[in-house]
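S.K.: Under my numbering, the first residue of the sequence shown is numbered 5, with each subsequent residue one higher.
For every residue, glycine included, the Cβ atom is placed at its ideal position computed from N, Cα and C.
Here's a structure for you.
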Amino acid sequence: MGKTVQKSSILSKDHTRLMIVADIRIVAVGTSTSMSQHVKAVHDILDEEGIKYMSGPMSTALEVDSLDDLFDVIEQSNQVLADRGVQRILTTINIDYRLDKEISMKSKLGS
């Protein structure tokens with residue numbers, strides 16, 4: 005039986021919880037040129053998990069509480085594509101977290 009692992013959040017120096025802003029791009033290789041059905045499947049997962057996200061033309065930005073949460077939705081996203089018959093999946097991740105102040109997708113767009 006596996007052991008229970010506590011999810012960890014990023015904390016600032018004053019121990020307040022900080023949001024992680026990440027940008028993910030998941031590409032289903034060897035499928036049709038249209039990716040919209042795969043993008044929708046990933047967005048459905050984000051909606052189900054209650055994760056705030058913004059869709060862009062080439063990737064999806066999201067806010068999560070922990071790296072565990074981020075990698076959990078990436079794993080779910082890859083699995084849903086595999087379940088749809090995709091044989092090769094490329095995932096690109098950019099992660100931004102700051103320990104000196106809170107960040108969000110909105111604050112990054114305003115800076």
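How is V84 classed by DSSP in three states: helix, strand or coil?
M.R.: It is helical.
S.K.: Measure the alpha-carbon distance for Q41 versus Q83 and round it to whole angstroms.
M.R.: The alpha-carbon atoms of Q41 and Q83 are separated by roughly 15 Å.
S.K.: Shortest alpha-carbon distance to I97 belongs to which of G114, L85, E67?
M.R.: Nearest option by C-alpha distance: E67.
S.K.: So what does I24 bridge to, in DSSP terms?
M.R.: According to DSSP, which records beta bridges pairwise, I24 is partnered with V68.
S.K.: Distance check for R88 and M62, CA to CA, integer angstroms please.
M.R.: Between M62 and R88, the C-alpha separation is close to 21 Å.
S.K.: Going along the chain, which residues of its own chain have a beta-carbon closer than 6 Å to the beta-carbon of D100, five neighbours each way excluded?
M.R.: Correct list, in chain order: V25.
S.K.: To which residues of the same chain is V90 closer than 7 Å at the C-beta, ignoring the five residues directly before and after it?
M.R.: Around V90: A32, T35.
S.K.: In chain order, what residues of the same chain have a beta carbon less than 6 Å from the beta carbon of T64, not counting five sequence neighbours either side?
M.R.: Same-chain partners within the cutoff: I28, Y57.
S.K.: Note down the Cα distance separating S70 from S81, rounded to an integer number of angstroms.
M.R.: Each residue's alpha carbon lies about 17 Å from the other.
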